[in-house]
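Chemist: Before we start, here is the structure in question, set down as structure tokens.
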Amino acid sequence: MIIFLIIWIGQFLSLVGSRLTQFAFNVWLFQETGSVTQFGLLVLCGSLPSLLISPIAGGFVDRWSRRWTMIIADFCAGLCTLSIAWLFITGNLEIWHLYIIEALSSCFSTFQANAYAAATTLLVPKENLPRASGLTSLGRGVSKLIAPVLAGILLPIVHIPGIIVIDFATLFCAIVPLMVVTFQELNNLDEQTGNKSFWKEVIFGWNFLTTKPGLLALLILFASNNLFTGIFNVLTTPLVLSLTSPTGLGIVLSIGSSGIVLGSLMMSIWKAQEHYIKTIFGFTLLAGLFIFLAGLRPSLSLFTVSDFCLLAIYPVISGLVQVMFQKKVPPEIQGRVFGLKDPIATVGLTLGYGIAGPLDDLIFEPLMAPDSILAGNLGKIIGVGQGRGIGLLDIVIGLVVVVGTIAAYQYPRLRLLEEELPDSIPDQPLPSKN
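So for the sequence shown, our numbering puts the first residue at 1; every next one is plus one.
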């Protein structure tokens, strides 16, 4: 576990540095253009390439050394930052440069994330996998929480060039530990793989999942819940703004982010070694309940508490799903399987982001207008007017999550996944080469 912790600290510091640079150039882009559309396009360039390239990256991760994949991916991401720095300092930075470099960085990050997830199984004893998953989630949550604050403080003092210097310093914090420590690598190419075409290896992840219906069902359940979580997340800001000021919104979002940190801390000290599936089902039911409560009344306090609890639950669910895949998928094929699992899970969130606005604007807000057909009955319970359509949508998706989870529990292959599908990893990690 000690080698994993050394690597994790370096990756966490590098992630903070990357988010500092991301924040700085997001501000620069919006100040230069004033365009929400161009800002949204930059966000899309940072997410879409990862979805498209992840299965391909997984195939390469299983062929290559996972440690060196992480080193090279981190180094290439650093070159992307160096390119932006050079263009900015020389006064040649254009908006389209950011789009291209953001897309390239997303690709390198995908290779790094796949290799990191697959390498974790080689570094951590089986009983500590939940803790490793919790620490990984904690790193993401804390970096997302503190980076905007740090960037807001540092940007007026050191400006963008200083932020880039800090980013490069944290990049070395990620690369140096990987260069110094070593860990046992698998013989990634099994006898059959050597005779397969690369593209057959890419679709191997799907073929594997179709032979493991319990794992596939778990992935479908997780992706479906991500869809509803995505809808909820997108509509949080307009719902809260219908209840309070922008200052109040900032407080609510900060409280929600602290929920993510708390949930990640829970995972980092997780000790239970069984009943993961039942725990996933239980927390998913609670997630549906909190989404339901968030929309039930036009109450800022009720929404804030529900949002905090929901965001505290999510790292536990996602962490245990990750642990189940790490335990049940053989280490030598985890790159290919994770390369498929991650984009499928993320597609749910992306789809939720896309359909949330039209659902609210075209269907639910008109239903809860003061003169609507529901105003005289349902409106007396949940309220009418601005934001109550979002409240009704939250109630509906909360109920769908609860009913869907109960229905999924009836599928024996998923309910009995831990008992029916044996673990594919040893109790202890492979010994280090040094």
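We put the beta carbon where it would ideally sit given N, CA and C, even for glycine.
#1: Go ahead and label G376 buried or exposed: buried means 16 or more other beta carbons lie within 10 angstroms of its beta carbon, across all protein chains shown.
#2: Identify which residue in F364, V384, I363 and F208 has its Cα closest to the Cα of D371.
#3: Please return the same chain residues whose Cβ sits closer than 8 Å to the Cβ of P331, not counting the five positions on each side in sequence.
#4: Just to confirm, are A470 and I344 a CB contact at a threshold of 7 Å?
#5: Give a yes or no on whether the C-beta atoms belonging to V261 and G141 are separated by under 7 Å.
#6: Quick one: what does DSSP say K380 is sitting in, helix, strand or coil?
#7: Taking buried to mean at least 16 other C-beta atoms within 10 Å of its own C-beta, is S254 buried or exposed?
#8: Within 10 Å of its beta-carbon, does I363 have 16 or more other beta-carbons around it, so buried, or fewer, so exposed?
#9: In three-state DSSP terms, what is M1?
#10: To the nearest angstrom, report how far apart Q326 and T244 are at their CA atoms.
#11: Once the 5 residues before and after K341 are set aside, which same chain residues still bring their CB inside 7 Å of it?
#12: Output the distance between the C-alpha atoms of Y353 and F303, rounded to the nearest integer angstrom.
#13: At a cut-off of 6 Å, would you count Q22 as near the ligand COA, judging by its Cβ distance to the nearest heavy atom?
#14: Taking C-alpha atoms, which residue in T247, L300 and G17 lies nearest to G78?
#15: To the nearest angstrom, how far is it from the Cα of L241 to the Cα of G248?
#16: Can you round the beta-carbon distance between L164 and T90 to whole angstroms, since I take them to be within the 8 Å contact cut?
#17: Are V61 and A103 close, meaning C-beta to C-beta below 7 Å?
#18: Compare the Cα-Cα distances from A147 to each of V321, L286 and S14 and report the closest residue.
#19: So for Y409, helix, strand or coil by DSSP?
Modeler: Well, looking at it:
#1: For this step, residue 376 is matched to residue 376 along the sequence shown. So G376 counts as exposed.
#2: Counted from its first residue, the sequence shown places residue 371 at position 371. For D371, the nearest C-alpha among the options comes from V384.
#3: Residue numbering aside, residue 331 sits at position 331 when the sequence shown is read from its first letter. Hits under 8 Å: A118, T121, L122, L186, S424 and I425.
#4: Since the displayed the chain opens at 1 and closes at 434, residue 470 lies outside it and no answer follows.
#5: By one-based count along the sequence shown, residue 261 stands at place 261. By one-based count along the sequence shown, residue 141 stands at place 141. Yes; because the gap between Cβ atoms is below 7 Å, this pair is in contact.
#6: Numbered from its first residue, the sequence shown carries residue 380 at position 380. Helix.
#7: One-based indexing of the sequence shown puts residue 254 at position 254. Taking every protein chain shown into account, the CB of S254 has fewer than 16 other CB atoms within 10 angstroms, so this residue is exposed.
#8: Counting from one through the sequence shown, the residue named residue 363 turns up at place 363. Exposed, because fewer than 16 other Cβ atoms sit within 10 Å of the Cβ of I363.
#9: The residue you call residue 1 lines up with position 1 of the sequence shown. In the structure shown, the three-state DSSP call for M1 is coil.
#10: In the sequence shown, the residue the question calls residue 326 occupies position 326. In the sequence shown, the residue the question calls residue 244 occupies position 244. Using only the alpha carbons, I get a separation of about 43 Å.
#11: Here residue 341 corresponds to residue number 341 of the sequence shown, with the count starting at 1. For K341, where only same-chain residues beyond five positions count, the Cβ hits under 7 Å are L219 and F325.
#12: For the purposes of this step, residue 353 is taken as the residue at position 353 of the sequence shown. For the purposes of this step, residue 303 is taken as the residue at position 303 of the sequence shown. Those two C-alpha atoms are separated by around 20 Å.
#13: The model on display carries no ligand, and the ligand COA is accordingly not part of it.
#14: To locate residue 78, count along the sequence shown from 1; it is residue 78. With distances taken between Cα atoms, G78 lies closest to G17.
#15: As a first step, residue 241 must be located in the sequence shown, where it is residue number 241. As a first step, residue 248 must be located in the sequence shown, where it is residue number 248. Computed Cα separation, rounded: 8 Å.
#16: Within the sequence shown, the letter at position 164 stands for residue 164. Within the sequence shown, the letter at position 90 stands for residue 90. Just to set this straight, residue 164 is Ile in the shown sequence, not Leu. Not quite, the Cβ-Cβ distance comes to about 13 Å (not below 8 Å), so this is no contact.
#17: As a first step, residue 61 must be located in the sequence shown, where it is residue number 61. As a first step, residue 103 must be located in the sequence shown, where it is residue number 103. Contact: no.
#18: Stepping through the sequence shown from its first residue, residue 147 is reached at position 147. A147 has its Cα closest to that of S14, out of V321, L286 and S14.
#19: As a first step, residue 409 must be located in the sequence shown, where it is residue number 409. Correct three-state label for Y409: helix.
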